[in-house]
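Novice: Provided herewith is a single structure, encoded as structure tokens, for subsequent inquiry.
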Amino acid sequence: MKDETYDQKLGGEDHIETRKRGVWLLNNPSTNKGLGFTRAERSQLGLEGLLPHQVLELEQQVELEVEHLRAKSAGLEKYIGLASLQDRNEVLFYRVLVENLPELLPIVYTPTVGQACQEFSHIFRDARGISITPGNIENVREVLANAPFGDIRLIVVTDNERILGLGDQGAGGMGIPIGKLALYVAGAGIHPSKCLPVSLDVGTNNQALLDDPLYHGYRERRLTGQGYLDFVECFVQGVHEAFPRAVIQWEDFANTHSFDLLERYRKRVPSFNDDIQGTAAVILGGIFSALRITGQAIGDQRVLFIGAGSACTGIARLTRAAMHHAGADELRTRRAIAAFDSRGLLREGREIREPFKREFALDGQSLEFYGLDASADPSPVEMIRAFKPTILVGATGQSGAFTREMLEELAEHVERPLVL
Numbered sequence: 004m005k006d007e008t009y010d011q012k013l014g015g016e017d018h019i020e021t022r023k024r025g026v027w028l029l030n031n032p033s034t035n036k037g038l039g040f041t042r043a044e045r046s047q048l049g050l051e052g053l054l055p056h057q058v059l060e061l062e063q064q065v066e067l068e069v070e071h072l073r074a075k076s077a078g079l080e081k082y083i084g085l086a087s088l089q090d091r092n093e094v095l096f097y098r099v100l101v102e103n104l105p106e107l108l109p110i111v112y113t114p115t116v117g118q119a120c121q122e123f124s125h126i127f128r129d130a131r132g133i134s135i136t137p138g139n140i141e142n143v144r145e146v147l148a149n150a151p152f153g154d155i156r157l158i159v160v161t162d163n164e165r166i167l168g169l170g171d172q173g174a175g176g177m178g179i180p181i182g183k184l185a186l187y188v189a190g191a192g193i194h195p196s197k198c199l200p201v202s203l204d205v206g207t208n209n210q211a212l213l214d215d216p217l218y219h220g221y222r223e224r225r226l227t228g229q230g231y232l233d234f235v236e237c238f239v240q241g242v243h244e245a246f247p248r249a250v251i252q253w254e255d256f257a258n259t260h261s262f263d264l265l266e267r268y269r270k271r272v273p274s275f276n277d278d279i280q281g282t283a284a285v286i287l288g289g290i291f292s293a294l295r296i297t298g299q300a301i302g303d304q305r306v307l308f309i310g311a312g313s314a315c316t317g318i319a320r321l322t323r324a325a326m327h328h329a330g331a332d333e334l335r336t337r338r339a340i341a342a343f344d345s346r347g348l349l350r351e352g353r354e355i356r357e358p359f360k361r362e363f364a365l366d367g368q369s370l371e372f373y374g375l376d377a378s379a380d381p382s383p384v385e386m387i388r389a390f391k392p393t394i395l396v397g398a399t400g401q402s403g404a405f406t407r408e409m410l411e412e413l414a415e416h417v418e419r420p421l422v423l
């Protein structure tokens with residue numbers, strides 16, 4: 004068993020039981036208290052002489068770490084400092100993070116984590132998480148067993164292909180699962196020993212990384228097609244065997260895979276996609292809050308999406324489900340949602356390459372219902388004029404998606420529109 008192998012186990016939510024002593028305790032971030040070890044602990048645990056004389060309370064250690072961080076001017080340097088702290092003293096790291104979350108959130112996660120992913124091979128200090136490659140996938144069960152704790156409940160996994168808005172970052176994408184799990188621990192109180200960041204390093208098509216002699220990742224072109232699907236299947240099976248109670252969060256997969264993987268595995272293992280489902284839950288919650296103010300019903304809304312990627316599609320699916328739940332019939336809900344992607348309005352008869360978008364393509368009768376020609380390709384302003392949306396949602400990588408003309412047209416038809 005993992006706990007026996009590492010001679011370390013959780014002894015409740017507030018302490019770890021171990022028979023280890025001395026330097027091992029200082030080198031393990033789960034057990035290291037730094038200058039927080041008391042005189043009695045130093046004597047009992049073989050730490051005499053390994054630390055400076057003074058004993059510091061946790062609050063004093065926090066004060067010192069915050070002082071160190073604020074002395075750094077660049078966001079990336081602060082990120083490196085926090086990562087070093089996490090790898091040295093986990094309790095202190097999370098206390099610093101929790102007590103300074105508004106200040107440190109942009110460092111631990113976006114936007115600074117994006118730069119950290121790009122510079123991953125050049126700022127790498129200590130290993131964290133599990134990296135699975137075509138070179139070790141056949142032994143994935145043994146690879147996963149190398150995790151420092153055996154009762155993993157939450158895995159955040161990425162294949163590194165669509166990291167934030169930066170695209171393929173190869174092995175550097177590991178920064179996203181690490182950062183996301185740090186936020187879950189700080190914000191939701193999940194114990195860090197229950198969390199595992201995983202990178203499916205199936206290669207990279209980022210030529211700059213392939214050309215970098217210091218790149219740390221699997222230096223091959225990305226697996227594609229059936230080879231990629233077989234790789235992911237091996238991973239899921241390995242997780243099911245190693246951590247049968249774990250939730251898999253699929254993080255920053257390209258749209259070409261994200262919907263398919265969620266659908267493929269959601270009934271086999273607990274699965275979650277933050278971009279598709281998490282964003283949708285937050286936005287729908289905002290919609291319901293706004294409707295309480297306006298006194299309107301969800302089933303009476305018309306929603307126009309500017310963007311049709313994973314976020315907008317997830318929001319549209321959940322909004323449609325909420326309309327159904329409120330009693331709206333299928334025809335009503337089908338006509339109540341319209342969306343634009345980068346090539347225009349989603350409608351039948353137009354080429355729509357991505358299968359997940361097609362469920363929101365308006366048919367000819369729906370377009371005619373709104374006074375548009377069945378083969379029309381209206382602009383967003385023209386669609387607002389005809390469709391008269393009560394809710395306008397934007398989630399797209401293109402800047403300037405909402406224009407003044409669009410918002411003025413929206414206000415012409417709806418007294419209190421909701422813009423998200």
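Adding 3 to a residue's 1-based position in the sequence shown gives its number in the working numbering.
All C-beta atoms, glycine included, are put in the ideal place defined by N, C-alpha and C.
1. Since R73 sits in a beta bridge, which residues does DSSP pair it with?
2. Which partner residues does W253 have in the DSSP bridge list?
3. So which of T41, I309 and G49 has the shortest CA-CA distance to V422?
4. Among G289, T393 and P383, whose alpha-carbon lies nearest the alpha-carbon of M409?
5. Whole angstroms are fine: how far does the CA of I166 sit from the CA of V306?
6. Tell me the DSSP secondary structure of A284 in three-state form.
7. Mind checking K81: buried by the 16 CB within 10 Å criterion, or exposed?
8. Using the Cα positions of C237 and S292, report the straight-line distance between them to the nearest angstrom.
9. Buried or exposed: R248, going by 16 or more other Cβ atoms within 10 Å of its Cβ?
10. Do S196 and S87 have their C-beta atoms within less than 8 Å of each other?
11. With distances taken from CA atoms, which of E415, L203, P151 and I290 is nearest E164?
12. Of the residues R361, N139, L48 and F246, which one's Cα is nearest the Cα of P151?
13. Please work out which residues of its chain come closer than 8 Å, Cβ to Cβ, to R42, disregarding the five sequence neighbours upstream and downstream, and give them in chain order.
14. Taking Cβ positions, are T115 and G78 nearer each other than 8 Å?
15. Which of the three DSSP states is assigned to A185 in this structure?
16. Relative to the alpha-carbon of E122, which residue among L104, G132, G173 and E145 has its alpha-carbon at the smallest distance?
17. Keeping to the same chain, check which residues put their C-beta closer than 6 Å to that of S345; ignore five residues upstream and five downstream.
18. DSSP three-state call for E60: helix, strand or coil?
19. Can you tell which of E68, E141, L48 and L38 has its C-alpha closest to the C-alpha of P55?
20. Taking only the alpha-carbon atoms, compute the straight-line gap between W27 and V242 and give it to the nearest angstrom.
21. So is G14 buried or exposed if we call it buried at 16+ other beta carbons inside 10 Å?
Specialist: Walking through what the data contain:
1. Under DSSP, R73 takes part in no beta bridge, so it has no partner.
2. DSSP output for W253 lists V160 as bridge partner(s).
3. When C-alpha distances from V422 are compared across T41, I309 and G49, the shortest belongs to I309.
4. Comparing alpha-carbon positions, the option among G289, T393 and P383 lying closest to M409 turns out to be P383.
5. Looking at the two C-alpha atoms, the distance is approximately 28 Å.
6. It is helical.
7. Under this definition K81 is a buried residue.
8. Straight-line Cα distance between these residues: approximately 42 Å.
9. Taking all protein chains in view, the Cβ of R248 is surrounded by fewer than 16 other Cβ atoms within 10 Å, so the residue is classified as exposed.
10. Taking 8 Å as the Cβ cut-off, S196 and S87 do not qualify as a contacting pair.
11. Closest option to E164, Cα to Cα, is L203.
12. In this structure, F246 is the residue among R361, N139, L48 and F246 with its C-alpha nearest to the C-alpha of P151.
13. Taken in chain order, the residues that qualify are V58.
14. A Cβ-Cβ contact shorter than 8 Å links T115 with G78.
15. Helix.
16. Here the closest residue by C-alpha is G173.
17. Taken in chain order, the list of residues that qualify is empty.
18. E60: coil per DSSP, three-state reduction.
19. It is L38 whose Cα lies nearest to the Cα of P55.
20. When only Cα atoms are considered, W27 and V242 end up about 29 Å apart.
21. Unreliable positioning characterises G14 in this predicted model, as indicated by a pLDDT of 43, which lies under 50. The coordinate reading is nonetheless provided below. By the 16-neighbour rule on beta-carbons within 10 angstroms, G14 is exposed.
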